Every structure is written in C-alpha cells, then in structure tokens.
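Protein chains in written order, with the UniProt record's numbering: chain R, 1 to 170; chain L, 1 to 143.
Each remark here refers to the structure printed beneath this line.
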Ligand SMILES: [Zn+2]
Ligand SMILES: [Zn+2]
C-alpha cells in the first residue's frame with residue numbers, strides 16, 4: 001500500500017510537470033486524496049473535438065498498479081465518440097485486459113487523447129442506449145468485447161469474465 | 001518473439017546462468033515461509049481475486065504450476081553495476097544496493113516482490129508484454 005502511494009505521488013508529479021498536449025491536472029486539488037484524480041482534457045487542434053473541454057476521472061484501487069485504474073469521463077460534457085458511452089464509460093483495452101503495471105496515468109491520458117484525435121465521426125456506440133441502462137457503475141466490471149477497429153481483439157477474456165454482458169452485442 | 005529478446009548481450013546470459021544455480025541453493029536453505037494468519041489471496045486470472053481456501057482444484061493446479069515456473073526465473077541482488085534499467089517500472093523506484101531483483105528472460109529486471117506479484121496474475125513481462133513461459137522455453141532450447 002505504501003509503495004502504491006509513492007508511485008501515485010511520482011505519477012502525479014510527472015503528469016503535472018510534463019503533461020501530454022491537451023491534458024491538465026490540478027495537483028493542488030488532488031493531493032488530499034491521492035487515489036482519486038480529475039484530469040482536464042481539451043480536444044486537439046484540427047481534430048473534430050477541437051476546443052471542446054472534457055473531464056476524466058481516475059480511481060486507483062489498493063491493488064494499483066497490478067490492476068488498472070478505473071477511468072471514465074465525468075461531468076456535463078461527455079465526448080460523442082464510438083467508444084465512449086453517454087454515461088462516460090470508455091471501451092479501451094488497456095483499461096482492462098491489456099493493462100500492464102508498466103503503464104501509468106500518463107499513458108492512459110495519451111491513449112484517450114489519441115482515441116479522440118483519430119476519430120473521424122462523432123457518434124455514440126451502437127448499443128449505447130441499452131448499455132447505459134444495464135451496465136454496472138464501475139466500467140471495469142463490464143465484460144467488454146472490444147470494438148475491433150480501434151483496439152486489439154482481446155484473447156481469452158470471454159471465457160474468463162462472466163460478470164456482465166458485452167458492450168457490443170454482435 | 002518480442003523485440004527485446006533479439007539482442008541479448010553475452011553479459012546478460014552469464015548473469016542469468018550464474019543466478020540460476022544460486023536461486024536453487026537459496027530456496028533449499030532458506031527459512032520456512034513466515035506464518036500467515038490471513039488466508040493468502042490469489043489471482044487465478046487477471047482481475048479475479050480469490051482467497052486460497054476458495055480456489056477450485058483447477059485453479060490450485062494452475063497456481064502451483066505458476067509458482068513453479070516463477071521459481072525458475074533467475075534472481076539476484078542489486079550491486080549497482082547494472083548498465084540497463086536502474087528503476088523498477090512497477091513501483092517506479094530506483095533499485096537500491098542490496099535489494100532483491102528478478103531477471104526475466106527478455107532481460108527486463110524488476111524488484112523480486114514487485115514482479116512476482118504481477119506474474120501471479122499474468123505471466124507476461126509488464127514492459128515488453130513478452131509471454132514469460134514462451135521465452136523460458138526458448139532459453140532452455142538455446143542452452
Ligand atoms: Zn519495484
Ligand atoms: Zn520484457
């Protein structure tokens with residue numbers, strides 16, 4: 001537990017000092033509770049989200065970095081994106097099956113930024129309405145079937161995780 | 001095979017072999033594992049946590065096999081001479097003289113406690129994602 005706190009402090013420092021483009025952390029606001037961060041994102045210039053402002057929430061459990069953080073969009077403004085549900089849940093493989101302790105809050109921010117920047121068309125995932133009605137509050141509990149276009153197709157996870165329905169019904 | 005396995009230096013190979021023996025000796029002579037009041041928690045698959053007494057037979061076998069494989073991976077003590085990584089990417093701390101390290105076949109190095117905890121969940125290198133068992137096998141073949 002102590003080692004986790006040290007790592008989180010280092011990560012916070014790195015992200016505050018040297019954030020990826022379009023990412024902003026207010027470390028002042030975070031230091032009271034290191035296990036929950038709010039990160040500001042701004043749509044990259046020349047992307048379809050240019051100038052739009054979003055907020056990401058990170059929750060680090062006691063098993064971080066052995067388990068991925070819980071990451072989702074929060075607030076009024078949730079990006080309209082084929083991998084982002086209107087409740088803020090993100091379908092991104094490194095947040096579950098492809099997580100590795102060598103990744104960090106910074107690499108998650110980078111992935112989310114590049115997911116937004118590379119998007120060509122603003123639309124919700126095809127099963128958004130159903131998912132939002134039925135999913136768990138914690139996106140990590142979803143048994144995601146990754147949308148093949150953006151993410152690597154995951155390996156054995158379908159047999160291993162029985163908790164909930166996939167986000168893609170096909 | 002992963003990229004980081006393509007260019008092992010002779011230095012690293014001798015390091016691996018040297019520590020292989022040491023590991024066996026250490027395990028035979030070492031003190032018995034400390035008494036644990038709490039039931040240990042195992043992770044038969046990533047994101048699945050179960051108390052030791054709640055594991056299915058299949059999961060117990062899987063964990064026993066995994067423990068056996070991990071014990072084949074060379075260990076050593078940080079002596080300050082490593083030219084490669086000086087930091088453990090899992091806890092993000094620099095290695096300190098005398099700390100116990102584990103060397104993976106892909107040549108990535110971590111604190112022993114940090115990497116063992118991860119290997120029980122996923123038998124891959126956190127840095128290069130190389131499956132450790134595949135790399136172990138190819139190490140044996142080239143020996
Ligand atoms: Zn470490
Ligand atoms: Zn590696």
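For each residue, glycine too, the CB sits at the ideal point set by N, CA and C.
Note that this is a predicted model, so its numbers are computed, not measured.
- Against chain L, a Cβ distance below 9 Å from residue 7(R) picks out 90, 91, 92 and 93.
- Checking the DSSP bridge columns, you'll see residue 24(R) partnered with 40(R).
- For the pair residue 10(R) and residue 92(L), the CB atoms are nearer than the 8 Å cut-off.
- For residue 111(R), the enclosing alpha helix (DSSP H) covers residues 105-117.
- Taking CB atoms only, residue 65(R) has a neighbour in chain L less than 8 Å away.
- Legend: CB atoms of the region 69-92 of chain R lying less than 8 Å from CB atoms of chain L are not found in any residue.
- Secondary structure at residue 127(L): coil, using DSSP grouped into helix, strand and coil.
- Counting along the chain, residue 50(L) sits inside the beta strand (DSSP E) bounded by residues 48-51.
- The region 91-105 of chain L and the region 67-80 of chain R do not touch, with fewer than 3 CB-CB distances between them shorter than 8 Å.
- When the beta-carbon positions are compared, residue 108(R) and residue 23(R) stay at least 8 Å from each other.
- DSSP places residue 137(R) outside both helix and strand once states are collapsed to three, so it counts as coil.
- Within chain L, no C-beta atom comes nearer than 8 Å to that of residue 136(R); the closest sits roughly 13 Å away.
- Residue list for ligand 1: 88(L), 90(L), 91(L), 93(L), 110(L), 111(L) and 114(L) (CB closer than 6 Å to any heavy atom, chain order).
- One finds nothing in chain L with a Cβ atom closer than 7 Å to the Cβ of residue 105(R); even the nearest lies about 11 Å away.
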